[in-house]
Amino acid sequence: MSEPIGTSNLLGDPLSLEAAHAAIHAALDYAGRKRLRVSIAVVDAGGYLIAFARIPGTPLHSIDIAQDKAMTAVSFGMPTSTVGELINNATDAVRMSLMLRPRMVPLGGAFPLMVGERLVGAIGVSGASEEQDIECAVAGCRAIGAQ
Numbered sequence: 147m148s149e150p151i152g153t154s155n156l157l158g159d160p161l162s163l164e165a166a167h168a169a170i171h172a173a174l175d176y177a178g179r180k181r182l183r184v185s186i187a188v189v190d191a192g193g194y195l196i197a198f199a200r201i202p203g204t205p206l207h208s209i210d211i212a213q214d215k216a217m218t219a220v221s222f223g224m225p226t227s228t229v230g231e232l233i234n235n236a237t238d239a240v241r242m243s244l245m246l247r248p249r250m251v252p253l254g255g256a257f258p259l260m261v262g263e264r265l266v267g268a269i270g271v272s273g274a275s276e277e278q279d280i281e282c283a284v285a286g287c288r289a290i291g292a293q
């Protein structure tokens with residue numbers, strides 16, 4: 147018998163579809179309670195999309211941004227807000243080089259999904275304010291026991 151989500155760690159290697167769906171459902175539940183319109187993407191450790199959801203009425207550009215935020219988080223192995231801080235403090239050449247990279251979105255709203263020291267994927271959220279995107283992503287992380 148499986149344990150309820152939240153009491154067991156659903157993260158595996160690779161990230162399971164079950165865990166990806168649980169993270170998305172938790173983020174959707176949080177967004178619904180706050181009346182937010184967001185898109186949510188979960189990618190595996192290689193940056194490949196595993197699961198996606200978009201609340202009706204969410205701006206269409208949020209579809210790509212949520213996926214690209216997740217890709218940014220998994221490729222750097224850190225929250226996208228931290229990537230943004232690093233870029234802001236970088237030299238002009240580094241900043242320009244990174245910002246010209248496809249799929250680079252250094253805005254808050256995505257987190258790597260870690261099991262201990264192991265990176266298994268990332269969740270990205272877009273469509274609300276940066277802070278609200280972060281809160282939705284955190285809800286998704288917590289639902290599957292990600293750090």
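Quick note on our numbering: the sequence shown kicks off at 147 and runs consecutively.
Quick reminder that beta carbons are idealized off the backbone N, C-alpha and C, glycines included.
Source: prediction; values computed, not measured.
Asked: beta-carbon A191 near the ligand ZN non-hydrogen atom, thresh 8 Å; Found: The model on display carries no ligand, and the ligand ZN is accordingly not part of it.
Asked: Rounded C-alpha distance that separates T153 from R183; Found: For T153, the pLDDT reaches just 33, beneath the cut-off of 50, and the residue's location in the model is therefore unreliable, although a value from the coordinates is still provided. If I take the Cα positions, the gap works out to 28 Å.
Asked: Proximal residues to P252 (C-beta, below 6 Å), its chain only, five neighbours per side dropped; Found: T226, V229, G230, I233
Asked: Same chain only: Cβ atoms within 6 Å of A191, ignoring 5 sequence neighbours per side; Found: L265, V266, G267
Asked: Nearest-angstrom Cα separation, counted from Q293 out to C287; Found: 7 Å
Asked: DSSP-derived helix/strand/coil call for L232; Found: helix
Asked: Nearest residue (CA-CA) to A212, options I290, G291, E263, C282; Found: C282
Asked: Close beta carbons around S221, own chain, < 7 Å, minus the five adjacent residues each side; Found: G193
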